[in-house]
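Here is the structure we will look at, set down as structure tokens.
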Amino acid sequence: MSAGSGERLLSILDLFTETRLAWSPAEMMDALGYSRPTLYRYLKLLKETGFLAPLPGGRFGLGPRVVELDFLVRASDPLVARSQSHLDALAERFPGTAFVVQWYGTKMLCVASASQDKSARTSYPRGRPMPLTTGAAAKVILAHLPKRRQDVILAGHADAEDVRARLRDVRREGVAVAHGEVTDGIVGTAAPILDAGGHPLGSLCVSMGAAQYAELTQSILEDAVRTKAAEISETAIRAEANQMEQA
């Protein structure tokens, strides 16, 4: 398959979002501009490999292969493995939910979490995309990206210069706090997870209700999140160094 064909194939999968979970072939052709023979050739391949599954009414949804890949990611993602014990420790110490996010493009995703309350629900469970411009977890990632990359992500942002100024403060302090930016009534406290070059691999965040947050000594929470994120970063850096030595 050529690079162009691969991109066209992936464009079909990119159509599926939380707000649009099913598509008919006609809707796909309208959205992507593909000819009928081209689209049906790709649909045949995606069905055979399990990435798409037929739905009632002649529509298509994501298939079981996507679930299988999520299982494999959970089993193989080094950031998940390195983070879970730290998330558990934070969850034992503080109310709310401790979670780690990874980022790509202009999005970030929760990849692991822990909470004292096993019935606790979060607005952003594992795999649900979050904007890379809103919330504490996003700010600590943005703060450690090169300016050129920041410019791409903040393009069109009404107060981009003000945001950059706040990001400089976040980078200097090593922690960000956001009140109700992602979910009303929820406060997030986050710190970056960095590689050896200071590039953000993701971020570690603890979120809780505003009333719970008000009862805490906030500096203790900030120090704990910053320390745990640094420990995860150190583990990642050591693993990277070991891989380079063995190469």
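Numbering of the sequence shown is given in this note's numbering, commencing with residue 1009 and proceeding in unit increments.
Glycine included, each C-beta is placed from N, C-alpha and C at the ideal position.
Bear in mind that the values here come from a model prediction, so they are computed numbers and not experimental data.
Residue range 1067 to 1070 is occupied by the beta strand (DSSP E) that includes Phe-1068. For Gly-1196 against Ser-1215, the beta-carbon gap comes to about 4 angstroms, under 8 angstroms, which counts as contact. In terms of CA proximity to Pro-1208, Gln-1158 leads the group Ser-1123, Gln-1158 and Glu-1035. In this structure, Ser-1091 lies away from Val-1109, with their beta-carbon atoms at least 7 angstroms apart. In the structure shown, Phe-1107 adopts extended strand secondary structure according to DSSP, grouped into three states. Separation of Glu-1230 and Ala-1198 (C-alpha to C-alpha, rounded to the nearest whole angstrom) is 8 angstroms.
The alpha carbon of Thr-1105 has as its nearest neighbour, out of Glu-1248, Arg-1073 and Ala-1145, the alpha carbon of Ala-1145.
Distances from the alpha-carbon of Trp-1111 to those of Leu-1150, Phe-1068, Glu-1181 and Ile-1020 put Leu-1150 closest.
Counting other Cβ atoms within 10 Å of its Cβ, Lys-1147 reaches 16 or more and is therefore classed as buried.
Residues Glu-1189 and Val-1190 of the same chain have their beta carbon placed closer than 7 angstroms to that of Thr-1142, with the five preceding and five following residues left out of the count.
For His-1187, the enclosing beta strand (DSSP E) has its first and last residue at 1184 to 1187.
Across the structure, Pro-1200 and Gly-1193 are spaced so that their CA atoms are roughly 23 angstroms apart. Taking a contact as a CB-CB distance under 8 angstroms, the pair Leu-1051 and Phe-1068 counts as one, their CB atoms being some 7 angstroms apart. DSSP places Thr-1191 outside both helix and strand once states are collapsed to three, so it counts as coil.
With a contact defined as Cβ atoms closer than 8 angstroms, Arg-1101 and Ser-1121 miss out at about 15 angstroms. The alpha-carbon of Leu-1153 is positioned some 11 angstroms away from that of Arg-1176. Arg-1044 counts as exposed, since fewer than 16 other beta carbons sit within 10 angstroms of its beta carbon.
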